[in-house]
Amino acid sequence: MGLIRLCVVLATCVCVSGQVQLQAALPKNEIGGRFLGLLDAVTDLLTYDVSIFKVTYKKIYGPNGTILPLNEQVEMTGMLAVPSNLPSATELQTMALLHATEFRSAAQPSQVWSNSFCTSFLTLCFPNQHSLYVGVGAVFSASMGYVSFAPDGLGQGGPTSTALYPYIVPEEYAASVFSMWTYVKDALGSLSSVNNALRASTIGNVMITAGYSEGGYGAMAVHRSSLMPGWKATVGVTVEASFNGAGPYFLEDQVVRMLQQGNNFAAPSFFAGFGLAYDEYETNNAVINPSIRNSLTALLDGTKSRSTLDNEIRTLTQNDLLSLFSPSALTALREHYVYKNATESKEDNEVASTIHRNSMLRGWTESVDFHSVFLCHGSNDELIFVDNALEFHKVFPRTDLTILDSSVCSGHTDCGLECLKVGLRQIANFPYTTSTTMKLNTVTTVTSTTTTTTTTT
94 MGLIRLCVVL ATCVCVSGQV QLQAALPKNE IGGRFLGLLD AVTDLLTYDV
144 SIFKVTYKKI YGPNGTILPL NEQVEMTGML AVPSNLPSAT ELQTMALLHA
194 TEFRSAAQPS QVWSNSFCTS FLTLCFPNQH SLYVGVGAVF SASMGYVSFA
244 PDGLGQGGPT STALYPYIVP EEYAASVFSM WTYVKDALGS LSSVNNALRA
294 STIGNVMITA GYSEGGYGAM AVHRSSLMPG WKATVGVTVE ASFNGAGPYF
344 LEDQVVRMLQ QGNNFAAPSF FAGFGLAYDE YETNNAVINP SIRNSLTALL
394 DGTKSRSTLD NEIRTLTQND LLSLFSPSAL TALREHYVYK NATESKEDNE
444 VASTIHRNSM LRGWTESVDF HSVFLCHGSN DELIFVDNAL EFHKVFPRTD
494 LTILDSSVCS GHTDCGLECL KVGLRQIANF PYTTSTTMKL NTVTTVTSTT
544 TTTTTTT
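If you're matching positions, the sequence shown starts at 94 in the working numbering and goes up one per residue.
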C-alpha cells in the first residue's frame, strides 16, 4: 500500500501538504456481510465498491476561518472513503463524519480499518463501538456515491501533534473538517485503487455532515460554522444538511444535569475531557480544580479507553467527581443558568457564558434552513439526555426529529447503530422533493413494531 504525497496551493498562497495511504478495498457485494447483518435494513442503498484511506494533512484554519501561520499548522489525521468504480466522471458531494467520544489515539477513525481492529472471523476489520457510526457510516455513504471523510481531531490519531483534544469546542470541529476537506478536494485525482472516472471527478462546494454523540454535536457545530461569513469567505464550502445523532446540543442543560447527577453520572471522562478542553481553548483555566489539573491531564494520554479513564478518574477524585471542578466553576454552572428558557442569556461568569454561547440552540445565521437539520435520539439515553433533541426541536420546529423508543435500542451506545440506519435512509432521500415519501417538519417515534409520524407547522 503506497503513500501519495500532495501539496495543494490555495488562492491565499497557503500550501496544504499531506499524504494518503490505502487501507482497504471493499467490493459492494461484500460490504453488508462484513457487518454481520447489522446493517441489512440499508444494504439496498449500496451502489459502488469502496476504497478506504488514511489521510495525513495540516490544520490550516483557525477561529472563524482565519489562515494559521505556518508554524501553527499542526499535523492531523483522518479516514477517507470513496466510491472506487464510478461509471463516469462527475461532480461529487462530500460528507464529513464526526466521531463519538473516544480518547484513545489507536481507536480514532484513521485507525478503525487498520490491523489493530481485525478479528479472526472477519476478513477485514470491524470498528469498535465508539467508532462504529463513523467507520460504518463512511463506508456506506461512500458506496452511495459520497466522498466521505472523518477527521480524528486535533491531537488524536497518532500524529506528531501533542495538543490537547478540543472536546465540545465548536470552532475546532470546523477547523478539523474544513482543513481536511481542503486537502481531500484536491487529492482526489491522485488516489490509488480507484478508477479513472473518480480521479477525473471534481468535488462541489456543498457538503453534508453527520455524527453521533460528541459527533452529533460536532456535525451540527460544523453546519452552523459553515454559514458564518468568515468560514464562507475563506473555505468556499457550505454545509447543505446535517444528520445529528444524540448530541449535547442544549449544552448548558446537559452540563447542569450531569453535575446534578454528580457521582452517579456514568461517564466521568466526559467531565475530564470537557473541563480540560474548556480550560485550554475557551476559559483560561477557569473550569478544572487547579490542584488536580496536572494529574487529570496525565490520565488523558491517548492510551486509555473510556471505561479505564472513568475508573481512574473515580480513583483520582476518591469518587468525588465534583472535586474535579473549581469552586467558582461549580457556582457558575449551578446558579448562573436560566436554562429553562433556552433563548435567554443572563450569565455574568466566563464559564457559564462560554457554555451558553457554545450551545447549538443559538448562534445560527438567518440564512439557515432548519429543514436541513435532522435529529435522531434514543428516548432512554442515560448519557446525553433526550431533552437535547426535544428542546432543539422546540426552539427550531422545522427540524426533522426521530425518537427511538426503548424497545428499539436500550441506551446511548446501543442507539448509535439505529440512528446511523435512520440517517443513511434520510441521506439517500436528500434533497427532498414533493414526490419524496419522507416528510419535513416532523417528529417520528420509532418502536420495535410501529413508526408514528406527526407533522409540525
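All C-beta atoms, glycine included, are put in the ideal place defined by N, C-alpha and C. All of these numbers come straight from a predicted model, not from anything done at the bench.
According to the neighbour-count rule (16 or more other Cβ atoms, all chains shown, within 10 Å of its Cβ), is residue i buried or exposed?
i	result
E459	exposed
V135	buried
E184	exposed
T506	buried
E511	buried
G516	buried
T302	buried
Q411	exposed
S400	exposed
G111	buried
N522	exposed
D137	exposed
G355	exposed
Return the Cβ separation of residue i and residue j in integer angstroms, given the expectation that the two are a contact with Cβ distance under 8 Å.
i	j	result
D498	T538	6 Å
D142	S181	The pair is not a contact, with the Cβ atoms about 15 Å apart (cut-off 8 Å).
L161	Y154	7 Å
S362	L402	4 Å
T140	S236	6 Å
A334	W274	Between W274 and A334 the Cβ distance is about 15 Å, and since that is not below 8 Å, they are no contact.
I381	S419	7 Å
V328	F271	5 Å
S306	T194	6 Å
N298	L179	Incorrect: roughly 19 Å between the Cβ atoms, too far for contact.
G509	G304	Not quite, the Cβ-Cβ distance comes to about 10 Å (not below 8 Å), so this is no contact.
Where does residue i sit, in a helix, a strand or coil, going by DSSP?
i	result
Y374	helix
M169	strand
Y150	strand
F210	Unreliable positioning characterises F210 in this predicted model, as indicated by a pLDDT of 48, which lies under 50. The coordinate reading is nonetheless provided below. It is helical.
E443	helix
V461	coil
M300	strand
K433	Reliability fails at K433, whose pLDDT of 40 lies under 50, so the model's placement of it is uncertain and no value is given.
P120	coil
G250	coil
V587	Nothing can be reported for residue 587: it is not among the residues displayed for the chain, which extend from 94 to 550.
N451	coil
P244	strand
V536	strand
N337	strand
F418	strand
L215	Reliability of the predicted coordinates at L215 is poor, the pLDDT of 42 falling under 50, and no value is obtained from them.
I385	helix
F570	Residue 570 cannot be examined here, being either before or after the span of the chain that is shown, 94 to 550.
D403	helix
Using CA coordinates, which residue listed in the options is at the minimum distance from residue i?
i	options	result
T72	E264, I496, F271	Given that the chain is displayed from residue 94 to residue 550, the structure contains no residue 72 and the question cannot be resolved.
A200	S398, N378, G338	S398
V277	M172, G125, G158	M172
S269	I406, S285, Q249, T410	Q249
I79	T408, E375, Y374	The structure shown does not extend to residue 79, since the chain is modelled only from 94 to 550, so the question has no answer here.
K121	Y310, S203, G238	G238
At a cut-off of 7 Å, is residue i close to the ligand GTP when judged by its beta-carbon and the heavy atoms of the ligand?
i	result
M172	Questions concerning the ligand GTP fall outside what the structure shown contains, since it holds no ligand whatsoever.
Quiz item: For the segment 177-202, which segments carrying the alpha helix (DSSP H) assignment without a break, of at least 4 residues, lie completely within its bounds, in sequence order?
Solution: none
Self-check item: Ordered list of alpha helix (DSSP H) runs contained in the segment 284-333, each at least 4 residues
Solution: Whole alpha helix (DSSP H) segments, 4+ residues: 289-292, 307-319, 322-328.
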